[in-house]
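Enquirer: All you need for my numbering is the position in the sequence shown, starting with 1, plus 63.
Yeah, the Cβ is synthetic: ideal placement off N, Cα and C, and Gly gets one too.
Quick one: the structure is below, and I'll ask about it shortly.
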Amino acid sequence: MRSLPMKTTLAPLAMLMLLLAGAGCKVDDASVISQAADVHKGLQPAVMDDPQLANYLQTLGNRIITAAKQAEAKHIGPDSHFQTDQSTAWMFQNMKFHFVNSKTLNAFTTGGEHMYIYTALFEQCQTEDELTAVMSHEFAHVYCRHVQQGTQRQYAIMGAAAAAGVVGAAVAKDNRVAGATAGAGVGAAAAGFLGMGFTRQDEDEADKYGFYFFMMGGWDPNRFADFFKRMIDMGYDKTPEIASDHPSLANRVENAKRRISELPKDYTKWKKPNTATPEQFAALKQRAKDLGAKMPDDASLQKAQQLLAAFPSCVSSTDNQPEQVQARKQIQQNVDAQQKSK
Ligand SMILES: [Zn+2]
64 MRSLPMKTTL APLAMLMLLL AGAGCKVDDA SVISQAADVH KGLQPAVMDD
114 PQLANYLQTL GNRIITAAKQ AEAKHIGPDS HFQTDQSTAW MFQNMKFHFV
164 NSKTLNAFTT GGEHMYIYTA LFEQCQTEDE LTAVMSHEFA HVYCRHVQQG
214 TQRQYAIMGA AAAAGVVGAA VAKDNRVAGA TAGAGVGAAA AGFLGMGFTR
264 QDEDEADKYG FYFFMMGGWD PNRFADFFKR MIDMGYDKTP EIASDHPSLA
314 NRVENAKRRI SELPKDYTKW KKPNTATPEQ FAALKQRAKD LGAKMPDDAS
364 LQKAQQLLAA FPSCVSSTDN QPEQVQARKQ IQQNVDAQQK SK
């Protein structure tokens, strides 16, 4: 799969722009789903196209989604999930978890039907629990409709898509976009994206509900914070929380401990065996590493990886890792050059 012709992406984007220009600060699910599908076209070259890896990830994802469905039935979730005017059925139907080939340590969702687990993160996971804690967190962003909550983030992702070349010409030629971004056009949209991700509150909330999905999906809640602990050990928690848009990793670990202490005594009734044995898990990691190394390192993969590197972080307490900064700078330059050539 390669980037599709512009015509296929212009219509939903133009519709989204009209909607954003006219509406307040929220967008509806249909817009986010279609936008996420557009962004996915730019990321597709980095998706690990291997049935064994894909099936494993989706099996884990389906356990999380089933748990979230049970949570919904018990009315567990924020107000943004229980809106009366929009169905949540889509969140439990066509959701796709993807392994993407990237050297960046991250996981991300564009808020629609796609969630991305970077292979560099998978490589660092020592257990299935660590991997599924991150996946539950990503699904919780979707469940809580965090992307739908603010246009800033909408522009952010759109800017990223434009930069990836998926929708570049379509966005730049659409005057409504320039109007909607205070006359500054797609450059501003991309610039907005550079400093924009989920807010600290969003991250907290995604941890809160991710924790429940993780437990109700059958994993041990005492393991939920293991990956954050590993990241602290790797030196990812150097920025004081006050100077960051993200919760510190230490706080995320503390919050998980507090949530465990608040659980009813019979919480172990949810526990199920892990999907993969430790040996199988190690073999899957090795498979991802081997197949990743064999993927043709062409321009489309590099473009997708640049975008993956630039996305805001869901697992680090800072959004200023050197490669992230570098990727954003390059994307900004590409967008500027694209603008000048018009
Ligand atoms: Zn997050």
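#1: Report the start-end ranges of each alpha helix (DSSP H) in the region 311–345 that is 4 residues or longer and not cut off at the edges.
#2: Using 8 Å as the threshold, is the region 280–295 in touch with the region 188–199, meaning 3 or more CB pairs across them?
#3: In chain order, what residues of the same chain lie with their CB nearer than 8 Å to the CB of N285, ignoring the 5 residues before and after it?
#4: Report, in whole angstroms, the separation of the C-beta atoms of K352 and E186, which I expect to be a contact under 8 Å.
#5: Which residues have a Cβ closer than 7 Å to any heavy atom of ligand 1, listed in chain order?
#6: Assuming S379 and M294 are in contact, meaning their beta carbons sit under 8 Å apart, how far apart are those beta carbons, in whole angstroms?
#7: Within 9 Å of any Cβ in chain C, is that where the Cβ of M158 sits?
#8: By DSSP, does I295 sit in helix, in strand, or in coil?
#9: Leaving out the 5 sequence neighbours to the left and right, which residues in its chain are closer than 7 Å to L312 when beta-carbon positions are compared?
#10: Are there 16 or more other CB atoms within 10 angstroms of the CB of H204, so buried, or fewer, so exposed?
#11: Where K392 and P336 are concerned, what is the direct C-alpha to C-alpha distance, given to the nearest angstrom?
#12: Where does V110 fall in DSSP's three states?
#13: Whose C-alpha, out of L116, W153 and A109, is nearest the C-alpha of T129?
#14: Just reading off the alpha helix (DSSP H) that H138 is part of, what are its end residues?
#15: Answer yes or no: the CB of T151 versus the heavy atoms of ligand 3, is any distance below 8 Å?
Expert: The answer reads as follows:
#1: Runs found: 312–324.
#2: Yes, the region 280–295 is in contact with the region 188–199.
#3: The residue given as residue 285 occupies position 222 in the sequence shown. Excluding sequence neighbours, N285 sits near I323.
#4: Mapped onto the sequence shown, residue 352 falls at position 289. Mapped onto the sequence shown, residue 186 falls at position 123. Sure, about 6 Å apart at Cβ, within 8 Å.
#5: Every residue whose Cβ sits closer than 7 Å to any heavy atom of ligand 1 is listed here in chain order: H200, E201, H204, F261, D265, E266, A269 and C377.
#6: The residue given as residue 379 occupies position 316 in the sequence shown. The residue given as residue 294 occupies position 231 in the sequence shown. Right, their Cβ atoms sit about 7 Å apart.
#7: Absent from the structure: chain C. Only one protein chain is present.
#8: In the sequence shown, the residue the question calls residue 295 occupies position 232. Collapsing the DSSP output to three states places I295 in a helix.
#9: On the sequence shown, residue 312 is found 249 positions in, with the first residue counted as 1. Cβ neighbours of L312 beyond the five flanking positions: F291, M294, I295, Y299, D300 and S380.
#10: If you number the sequence shown from 1, residue 204 lands on position 141. Its Cβ being crowded by 16 or more others within 10 Å, H204 is buried.
#11: Residue 392 sits at position 329 when you count from the first residue of the sequence shown. Residue 336 sits at position 273 when you count from the first residue of the sequence shown. Each residue's CA atom was taken as its position, placing K392 and P336 some 44 Å apart.
#12: Along the sequence shown, one-based indexing puts residue 110 at 47. In this structure, DSSP gives V110 an extended state, which the three-state scheme calls strand.
#13: Along the sequence shown, read from residue 1 onward, the residue named residue 129 stands at position 66. Comparing C-alpha distances from T129 to each of L116, W153 and A109 shows the shortest one belongs to W153.
#14: For the purposes of this step, residue 138 is taken as the residue at position 75 of the sequence shown. Following the DSSP letters along the chain, one finds H138 in no alpha helix (DSSP H), marked with neither H nor E.
#15: This structure lacks ligand 3; its bound ligands are ligand 1.
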